[in-house]
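Below is one structure, written out as structure tokens; comments come after it.
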Amino acid sequence: MMAMTTQGTADIADTSPASGRAGRHLGRAATVFLATGLLLIALNLRIGVASVSPVIRYIQDALGLTSTTAGLLSTLPVLCFGIFAFLTPWLVRRIGIDRLLAVVLVVLAVAIATRLIDGSPALFIGTVFVGAAIAVGNVVLPAAIKQHFVARTGLMMSLYSMTLYIGAALASGLTVPLMHAFDGDWQAALAIWSIPAAVALLVWLPRLWTTRRASRRSGTETAVSQADSAETASVADVVPERDEPSFSRLIRDRTALAVTGFMGLQSLSYYAGLAWVPTILTDHGMSSSTAGLMLSYSSFPALASALLVPILANRVSVRWIPAAMAVGLTALALVGLVVAPVSGAIAWMTLLGLGQGAALSLALSYIVWRAPDARHTAHLSTMAQGVGYLVAALGPFLVGALHSVTGGWQIPLAVLIVLLIPELVAGVIASRNRHVLTPVTTE
């Protein structure tokens, strides 16, 4: 969900001659090592958020938080995803891709480790830094993949998406067992997830040393940073301003609004579920360990649908059918959670995973399909991710607030079901074979 901004900027990186030479000159061992480093970074881009929801009830009890306040633990990172989507190009220009990814890992490791500190302030401050680091990683990592793997972009992006789901599944499935292993210490169970970030940093550091040596051989370290920045910065840096598909124009375009709306609403549904599904299940009598495993399990059907739906979308004659399928599967899952949350949990988690995985895949694909060229893709990506995640941040908070007011889960789930209607409308419009800011209909 979080890779939207870089889809366009990575396309710019993809066309760089320097990027192509770098990719061709990598030896096999260096290529494997670089790919391993990038995928280990990807593994950490969901852990800091997905690990919280299975133990959120324990956090509430320990800190005396209301459901509304606890919902902020899931809302704040998503809010950061939107805010930092607009700031990341500036960071790339100042630091460069490789160094910025190292900074992401350092911030993630430290921020997750601060969950060992007692008290609500440390928990919430750490959560903000977790969200900021993940947001930057979401933007930069796909660009790095396209920069270094010009001939294998498709394969690496597939592995990247798969690794995101694996990270979420591991965090949601293992946090409660880890808590029990630590004698009920939820802080230790959350803080231990700083270890994967530290491991990824250790694997990534040789890449920085290699880059620095290459910079010295070329006679200027600044040139490397500038090259990285040029390849991944906002398209405003590489095309004349008069040719820009500006935000003010995109925000008035129906197709761009539909793509952004679909991204935002499907993300809202996803993060609301990520934050509260385990609590919904435990409140109906399921053990916390099993509830976490149920959420973890949903990642696997999501992975399958995310891989298959783009293929289906290119083969069906009625273009809005995949969007309708994604929304319909999610609706069935949410209705099931209202009617029989525990007895049908496996079925509902299967449907939820299939629906949300398909919706995410479509949201990513619409960015590419509805943009006529790389610079439009960059700007549409920034708009869809920045605005979309700001909308998505309402999901966990809204569900938590409604639960606090009503004392049950029927109304919050009903609201999520109702919000699927505008998501479907946005999906239907985004499915039309029309580029943003142009009547051209070729893809």
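The sequence shown begins at 690 in our numbering and counts up by one.
Beta carbons: idealized from backbone N, C-alpha and C, even for Gly.
What first and last residue would you give for the alpha helix (DSSP H) that runs through His1092? Position 403 of the sequence shown holds residue 1092. It spans Leu1083 to Thr1095 - the alpha helix (DSSP H) in which His1092 sits, taken as one unbroken run.
Run the proximity test for Leu954: is its beta-carbon closer than 7 Å to any non-hydrogen atom belonging to the ligand FMN? The ligand FMN is absent from the structure shown, which contains no ligand whatsoever.
Residue burial classification, Trp893 (beta-carbon count within 10 angstroms, cutoff 16): Walking along the sequence shown from the start, residue 893 turns up at place 204. Buried, since its Cβ has 16 or more Cβ neighbours within 10 Å.
Three or more C-beta pairs closer than 8 Å, one from the segment 780-794 and one from the segment 820-834: is that the case here? yes
Which of the three DSSP states, helix, strand or coil, is assigned to Ala1029? If you number the sequence shown from 1, residue 1029 lands on position 340. The answer is coil: DSSP assigns Ala1029 none of H, G, I, E or B.
Coil, strand or helix - Met1072 by DSSP: Residue numbering aside, residue 1072 sits at position 383 when the sequence shown is read from its first letter. Helix at Met1072.
Who are the near neighbours of Gly950 in its chain, counting only those whose CB is closer than 6 Å to its CB and skipping five residues on each side? The count along the sequence shown starts at 1 and reaches residue 950 at position 261. Excluding sequence neighbours, Gly950 sits near Ala1115.
Using alpha carbons as the reference points, say which of Leu970, Ser988 and Phe989 lies closest to Ala980. Within the sequence shown, the letter at position 291 stands for residue 980. Nearest option by C-alpha distance: Leu970.
Anticipated Cβ contact below 8 Å, Leu987 with Leu1041, distance rounded: If you number the sequence shown from 1, residue 987 lands on position 298. If you number the sequence shown from 1, residue 1041 lands on position 352. It should be noted that the sequence gives Ser, not Leu, for residue 987. Sure, about 5 Å apart at Cβ, within 8 Å.
Within this structure, are the beta carbons of Leu957 and Gly1084 separated by less than 8 Å? The residue you call residue 957 lines up with position 268 of the sequence shown. The residue you call residue 1084 lines up with position 395 of the sequence shown. Result yes, Cβ atoms of Leu957 and Gly1084 sit closer than 8 Å.
Residues of its chain near Val1125, where Cβ-Cβ distance is below 8 Å and the 5 sequence neighbours each way are ignored: As a first step, residue 1125 must be located in the sequence shown, where it is residue number 436. Correct list, in chain order: Pro934, Leu939, Asp942, Thr944, Ala945, Val948, Arg1059, Ala1060, Pro1061, His1065 and Leu1069.
Selection from Ile1100, Arg782, Ala1082 and Ile1110 that minimises the alpha carbon distance to Met1014: Mapped onto the sequence shown, residue 1014 falls at position 325. Nearest of Ile1100, Arg782, Ala1082 and Ile1110 to Met1014, Cα basis: Ile1110.
So Ser763 and Leu1087 are in contact, right, with Cβ under 8 Å, and what is the actual spacing, rounded? For the purposes of this step, residue 763 is identified with residue 74 of the sequence shown, where counting begins at 1. For the purposes of this step, residue 1087 is identified with residue 398 of the sequence shown, where counting begins at 1. At roughly 11 Å, the Cβ-Cβ gap does not stay under 8 Å, so Ser763 and Leu1087 are not in contact.
Is it true that the segment 1043-1055 meets the segment 984-1004, where meeting means three or more beta-carbon pairs spaced less than 8 Å apart? yes
Considering only the alpha carbon of each residue, which of Ala739, Tyr1078 and Trp1098 lies closest to Leu853? One-based indexing of the sequence shown puts residue 853 at position 164. If we check each option's Cα against that of Leu853, Ala739 comes out closest.
Burial state of Arg788, where buried means 16 or more other Cβ atoms lie within 10 Å: As a first step, residue 788 is located in the sequence shown; it is residue number 99 there, counting from the start. The residue is buried, with at least 16 neighbouring Cβ atoms inside 10 Å.
What residue range is occupied by the uninterrupted alpha helix (DSSP H) comprising Ile1000? Locating residue 1000 in the sequence shown gives position 311, where the first residue counts as 1. First-last of the alpha helix (DSSP H) with Ile1000: Ser988 to Ala1002.
List the endpoints of the continuous alpha helix (DSSP H) containing Ser763. As a working mapping, residue 763 is identified with position 74 in the sequence shown. Counting along the chain, the alpha helix (DSSP H) containing Ser763 begins and ends at Ser756 to Ile784.
Taking Val865 and Ser978 to be in contact with their CB atoms under 8 Å, please state how far apart those CB atoms are, rounded to whole angstroms. Position 176 of the sequence shown, counting from 1, holds the residue named residue 865. Position 289 of the sequence shown, counting from 1, holds the residue named residue 978. About 5 Å separates the two Cβ atoms, so the contact holds.
Using a Cβ-Cβ cut-off of 8 Å (strictly less than) and excluding sequence neighbours within five positions of Glu930, which residues of its own chain qualify? Residue numbering aside, residue 930 sits at position 241 when the sequence shown is read from its first letter. Caution is warranted here: a pLDDT of 42 is assigned to Glu930, below 50, making its placement in the model unreliable, and the coordinate value is therefore given only provisionally. The answer is none, since no qualifying residue turns up.
Val1005: first and last residue of the uninterrupted alpha helix (DSSP H) it sits in: Counted from its first residue, the sequence shown places residue 1005 at position 316. Val1005 -> no alpha helix (DSSP H), and no H or E assigned at all.
If you follow the alpha helix (DSSP H) that Arg943 is in, where does it begin and where does it stop? Against the sequence shown, residue 943 aligns to sequence position 254. Arg943 -> alpha helix (DSSP H) spans Arg943 to Asp972.
Near Ala1020, which residues of its chain fall below 8 Å by C-beta distance, leaving aside the five closest residues on each side in sequence? As a position in the sequence shown, residue 1020 is number 331, starting the count at 1. Once the five neighbours on either side are set aside, the close Cβ partners of Ala1020 are Gly1044, Ile1106 and Leu1109.
Can you tell me which of the three DSSP states Ser935 falls into? What you label residue 935 is simply residue 246 of the sequence shown in a count that begins at 1. Note: Ser935 maps to coil in three-state DSSP.
Determine the direct distance from the alpha carbon of Gln1099 to that of Phe818, and round the result to whole angstroms. Locating residue 818 in the sequence shown gives position 129, where the first residue counts as 1. Locating residue 1099 in the sequence shown gives position 410, where the first residue counts as 1. Using only the alpha carbons, I get a separation of about 33 Å.
If I measure Cβ to Cβ from Trp1037 and keep anything under 6 Å in the same chain, skipping five residues before and after, which residues do I get? Reading the sequence shown from its first residue, position 348 is the one you call residue 1037. Once the five neighbours on either side are set aside, the close Cβ partners of Trp1037 are Ala1022, Gly1025 and Leu1026.
Where Asp874 falls: helix, strand or coil (DSSP): By one-based count along the sequence shown, residue 874 stands at place 185. In the structure shown, Asp874 sits in coil (DSSP, three-state: anything other than H, G, I, E or B).
Is the Cβ-Cβ distance between Ala961 and Ser994 less than 8 Å? Looking up residue 961 in the sequence shown gives position 272. Looking up residue 994 in the sequence shown gives position 305. Not a contact, by the Cβ cut-off of 8 Å.
My assumption, with CB atoms under 8 Å, is that Met983 sits in contact with Ala1034. Please give the rounded CB distance. By 1-based counting over the sequence shown, the position of residue 983 is 294. By 1-based counting over the sequence shown, the position of residue 1034 is 345. That belief holds up - the Cβ atoms of Met983 and Ala1034 are roughly 5 Å apart, short of 8 Å.
What three-state label does DSSP hand Met845 in the structure shown? On the sequence shown, residue 845 is found 156 positions in, with the first residue counted as 1. The answer is helix: DSSP assigns Met845 an H, G or I state.
Tell me the DSSP secondary structure of Arg788 in three-state form. On the sequence shown, position 99 is the one that residue 788 refers to. Correct three-state label for Arg788: helix.
Taking Leu992 and Met845 to be in contact with their CB atoms under 8 Å, please state how far apart those CB atoms are, rounded to whole angstroms. The count along the sequence shown starts at 1 and reaches residue 992 at position 303. The count along the sequence shown starts at 1 and reaches residue 845 at position 156. In fact, because the Cβ distance is near 16 Å, the residues do not count as touching under 8 Å.
Alpha carbon of Val1076 to alpha carbon of Gly856, nearest angstrom: For the purposes of this step, residue 1076 is taken as the residue at position 387 of the sequence shown. For the purposes of this step, residue 856 is taken as the residue at position 167 of the sequence shown. Roughly 25 Å between the two C-alpha positions.
Other residues of its chain near Ala848: CB distance less than 7 Å, five sequence neighbours each side excluded: Residue mapping note: residue 848 aligns to position 159 of the sequence shown, counting from 1. For clarity, residue 848 is Leu in the given sequence; the question names Ala instead. Counting only Cβ-Cβ distances below 7 Å, and skipping sequence neighbours, we find Leu728.
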